[in-house]
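All residue numbers for the sequence shown refer to my numbering, where the first residue is 46 and numbers rise by one.
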Amino acid sequence: MTINTQLPLAIAIPDYARFDNFYAGSNSELLSQLKKISVGDGKESLYLWGGTGQGKSHLLQASCVAARQQGQNANYLSLQQLKGCSPGILQGYDEADLLCLDDLQLIVGDPEWEEAVFHLYNRLLERSALLVVAASKAPDALGLQLADLTSRLSWGLVYGLNRMDDEDRLAALTLRAQQRGLELAEDAGRYLLRHHARDLRALFGFLDALDHASMVEQRRLTLPFVRDVLINRDPWEKPET
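Quick look at the structure:
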């Protein structure tokens with residue numbers, strides 16, 4: 046994992062958070078814009094919205110990693126991980142070249158937090174720095190109390206993640222397996238889509254269990270093996286750390 050330790054809160058970014066293992070499908074324009082931002086060619090901040098398990102966090106983390114590889118001062122901040130903190134925790138993040146702010150929906154209705162994010166955004170703009178934000182809904186549908194923040198978030202690029210169909214999910218799952226050096230049989234992948242929670246976060250989580258089981262049992266990810274692991278998954282689940 047990649048960790049920036051120079052700010053008040055060091056948030057780890059998973060090693061798999063890269064652009065090359067995100068299946069874009071019909072979201073290729075969004076991916077292209079994020080790549081431009083990450084190499085310093087972006088001209089506008091970007092707001093990204095979509096449902097749970099669609100890859101918002103992955104894209105923000107990948108943007109941060111790619112920007113750092115280009116020598117930018119880039120930071121990823123998840124508001125999910127700041128529950129219970131005061132808005133003062135944001136101090137110092139306005140010095141970034143790129144700030145990726147995740148889970149914005151969690152501050153809706155909290156006037157202090159909404160005000161803090163609004164001023165943070167303004168300070169970034171004053172330095173010609175960029176902000177990439179992810180939330181569950183579009184800016185005007187999010188329900189923010191601070192109208193100025195809603196307006197500010199709508200200034201730049203706004204993208205809604207297009208929902209994946211089963212073919213997209215299968216392609217994304219197959220790509221993630223390949224990135225791990227695994228070959229997921231097509232019939233096994235389709236079986237998972239029928240019998241497992243179908244959001245990508247859950248599917249990728251189960252792929253962790255399959256990876257572990259495959260290594261221990263020295264078996265390929267065939268339909269019979271995947272079915273067995275799904276039915277008896279407890280021994281293969283990684284403990285929480």
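Glycine residues also receive a C-beta, built at the ideal position from the N, C-alpha and C atoms.
Contact check, residue i vs residue j, beta carbons under 7 Å
i, j, result
"residue 106", "residue 206", "no"
"residue 221", "residue 251", "no"
"residue 168", "residue 139", "yes"
"residue 122", "residue 148", "no"
"residue 225", "residue 256", "yes"
Nearest to residue i (by Cα), restricted to the options the options
i, options, result
"residue 146", "260, 254, 183, 92", "92"
"residue 89", "58, 102, 176", "176"
"residue 307", "166, 80, 66", "Residue 307 falls outside the range modelled here, since the chain spans only 46 to 286, and no answer is possible."
"residue 244", "78, 271, 101", "101"
"residue 263", "247, 242, 228", "228"
"residue 120", "271, 57, 185", "57"
"residue 69", "104, 85, 87", "104"
Cutoff 7 Å; reference residue i; Cβ partners in own chain excluding five residues on either side
i, result
"residue 32", "What the structure shows of the chain is the stretch from 46 to 286, and residue 32 is not part of that stretch, so it cannot be assessed."
"residue 163", "191, 193, 194, 197"
"residue 130", "none"
"residue 160", "191"
DSSP-derived helix/strand/coil call for residue i
i, result
"residue 47", "Low confidence applies to residue 47: its pLDDT is 47, below 50, so where it sits in the model is not reliable, and the reading given next is rough at best. It is a strand residue."
"residue 277", "coil"
"residue 162", "helix"
"residue 186", "helix"
"residue 192", "helix"
Close-in-space but distant-in-sequence residues of the same chain around residue i (CB under 8 Å, 5 per side omitted)
i, result
"residue 82", "91, 108, 112, 143, 175, 177"
"residue 153", "159, 187, 188, 189, 190"
Residues near residue i in its chain [Cβ-Cβ closer than 6 Å; skip 5 each side]
i, result
"residue 75", "204"
Residue ranges of each alpha helix (DSSP H) run of no fewer than 4 residues wholly in the region 56 to 142, ordered along the chain?
Segments of the alpha helix (DSSP H) lying fully in the region 56 to 142: 73 to 83, 101 to 114.
As an exercise, report each continuous beta strand (DSSP E) stretch of at least 3 residues that is fully enclosed by the region 198 to 274, in chain order.
As far as the region 198 to 274 is concerned, its whole beta strand (DSSP E) runs of at least 3 residues are 202 to 205.
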